[in-house]
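Here is the structure we will look at.
Protein chains: 2
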Amino acid sequence: MTGQVRTVDGRVAGRRGQETRQKLLDCLREMLSTSPYRDVKVIDVARMAGTSPATFYQYFPDVEGAVLEIAEEMAKDSVELKELIDGKSWAGKSGATTSEELVDGFLAFWRKNDAILRVVTLGAAEGDKRFFKIRMTVLNSVAKPLADAIKELQAKGQADKAQDAAAVAGSLISLLASAAEHQKAFTSWGVKVKDLKPTLAPLVYLGITGKKVPR
Amino acid sequence: MTGQVRTVDGRVAGRRGQETRQKLLDCLREMLSTSPYRDVKVIDVARMAGTSPATFYQYFPDVEGAVLEIAEEMAKDSVELKELIDGKSWAGKSGATTSEELVDGFLAFWRKNDAILRVVTLGAAEGDKRFFKIRMTVLNSVAKPLADAIKELQAKGQADKAQDAAAVAGSLISLLASAAEHQKAFTSWGVKVKDLKPTLAPLVYLGITGKKVPR
DNA sequence: CGGTAAGCTGACGGCATGACAGGACAAGTT
DNA sequence: AACTTGTCCTGTCATGCCGTCAGCTTACCG
């Protein structure tokens, strides 16, 4: 699919080149997590990687191009998220467990990729199609299987058929994403981080099954 | 409270100065809604306002400073949002209406201030205290009265007392905020924008009362 | 009309960007 | 070991934006 790694001017990158390229990506990722996106400069990334700005431009058209690369790597990792839904049960108490694990797993993934997801989210919100697509890949890795699960429940009469499964799944995933992005906000509302899961999980359960969590 | 408007070097701005300042803010707002935040340059804003970059720096320390100004204006407007909750009833059918109006009003506000809220959200996510505070002001204008409403319901035994009212209110407002920010995402899930309200409103109702929407 | 403070800008040093040509280097060939 | 070839890196340069300052213009007031 991706073929070989190429430089901006079309050369094929060899072993050494790929190492340099990767080091630049790593340093950029590091920079993104320590300074505002707007202030990330090519020269800083290059300096941190022990190389020169010119080298950076050998491998990436600009900062955004390199960020996209990092984001795509992350998007690939996001396939693991569908394991949070696939083969899980939503019936009774096990349903409550499923929704707790979903919340936990999703928040953990977001926390792990905090910095890059922030930039992806901004790019998507600004209407950049490439970032938008990446964000959708990540969210879909959960939203798609979740929508399927809801449809299945609806078929079995265990969920409200009047609700659009895709819309419900999307809303709930949005909820998780925004909670993940703004954990700090909750703290300032006087909500401890450990209270977050017990709050989100019932909401998810409620949204999907339309029933209160069993005790 | 704010006293007089002052230039960066301490002079008091007069009529003409305030006009220029305002024109710069207006142009910046315009730029934010048409190009990526990262690419907004002082020189472009100044050019659009028919003045010079030096003038911009008379009134604002940098682009971020000016953005903060715009954001603060918007935060003031957000007090109107509390009308979406205050004095509304959550009982029975009127509760369903309340939650629909809440969703509608909130989404409309977010849409109206789309561009600036995007930047505020990014700044907050990156840990900038000033942006964070502004975001909290906006969200609190709904979350606070909502939490109060939930507490009242709990006292009357019409809502689950085991739930932390502030946490529930926060989660629901987060849900609305993220849905507002990513309306495009829903479209790509095959969810029409008009389906969004009928999906979100029951979720809100459900989250607050713990009951299914009455028909 | 002169004084004073507000308002604006040209010009400048500094730094990031992005392009290129050429030197350094590794690996294989003779 | 010298040579060749293709990869890889960097010095350098033109360009353009940033952020500051001195100094000019404008408005107001006694």
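These protein sequences, in sequence, are chains A and B.
Basically this note's numbering = 1-based index in the first sequence + 6.
Basically this note's numbering = 1-based index in the second sequence + 6.
Where a beta carbon is used, it is the ideal one built from N, C-alpha and C, also for glycine.
- A Cβ-Cβ separation of about 5 Å places residue 151/A in contact with residue 88/A under the 8 Å criterion.
- Closer than 8 Å to the CB of residue 54/A there is not a single CB belonging to chain B.
- Beta-bridge partners of residue 12/A (DSSP): 18/A.
- Closer than 8 Å to the CB of residue 184/A there is at least one CB belonging to chain B.
- The distance from the Cβ of residue 67/B to that of residue 14/B is about 6 Å, consistent with a contact at the 8 Å cut-off.
- The continuous stretches of alpha helix (DSSP H) do not include residue 170/B, and DSSP gives it neither H nor E.
- Below the 7 Å Cβ cutoff, chain A contributes no neighbours of residue 114/B, its closest Cβ being approximately 17 Å away.
- Within 7 Å of the CB of residue 170/B, the CB atoms of chain A belong to 197, 201 and 205, in sequence order along the chain.
- The DSSP-derived three-state label of residue 103/A is helix.
- Segment contact: the segment 13 to 33 of chain B against the segment 111 to 129 of chain A, fewer than three CB-CB distances shorter than 8 Å; contact not assigned.
- Between residue 121/B and residue 39/B, the beta carbon gap of about 4 Å places them in contact (Cβ cut-off 8 Å).
- If the five residues before and after residue 31/B are omitted, its C-beta is found closer than 7 Å to the C-beta atoms of 72, 75 and 76, all from its own chain and listed in chain order.
- Judged by their CB atoms, residue 178/A and residue 213/A are nearer to each other than the 8 Å cut-off.
- Here the C-alpha atom of residue 100/A lies approximately 25 Å from the C-alpha atom of residue 171/B.
- Look at residue 42/A: its C-beta is under 8 Å from a C-beta on chain B.
- Residue contact check for residue 163/A against chain B: no CB pair falls below 8 Å.
- Nearest to residue 93/A by C-alpha distance, out of 80/A, 125/A and 107/A, is 107/A.
- When only Cα atoms are considered, residue 169/B and residue 57/B end up about 55 Å apart.
- For the pair residue 220/B and residue 98/B, the CB atoms are nearer than the 8 Å cut-off.
- Close to residue 180/A, with beta-carbon spacing below 7 Å, are these residues of chain B in chain order: 181, 184, 185 and 188.
- Secondary structure at residue 24/B: helix, using DSSP grouped into helix, strand and coil.
- For the C-beta of residue 174/A, the chain B residues within less than 7 Å are, from N- to C-terminus, 205.
- Burial is judged here by how many other beta carbons sit within 10 angstroms of a residue's own beta carbon; residue 95/B has fewer than 16 and is exposed.
- Listed in chain order, the positions of the segment 8 to 27 of chain A with a beta carbon within less than 9 Å of a beta carbon of chain B would be empty, since no residue qualifies.
- By the rule that beta-carbons nearer than 8 Å mark a contact, residue 167/A does not touch chain B.
- By the 16-neighbour rule on beta-carbons within 10 angstroms, residue 161/A is exposed.
- From the beta-carbon of residue 137/A, no residue of chain B is found nearer than 8 Å; the closest lies around 10 Å away.
- With its beta carbon less than 8 Å from one in chain A, residue 218/B belongs to the interface.
- Residue 66/B: not part of any alpha helix (DSSP H); DSSP gives it neither H nor E.
- Close to residue 124/B, with beta-carbon spacing below 8 Å, are these residues of chain A in chain order: 128, 131 and 132.
- Around the beta-carbon of residue 174/B, 16 or more other beta-carbon atoms lie within 10 Å, marking it buried.
- With respect to the 8 Å criterion, residue 48/A and residue 37/A are not classified as neighbours on the basis of their beta carbons.
- One alpha carbon belongs to residue 209/B, the other to residue 140/B, and they sit about 26 Å apart.
- A direct Cα-Cα distance of roughly 51 Å separates residue 79/A from residue 10/B.
- From the beta-carbon of residue 192/B, the residues of chain A found nearer than 9 Å are 172, 173, 176, 177 and 180.
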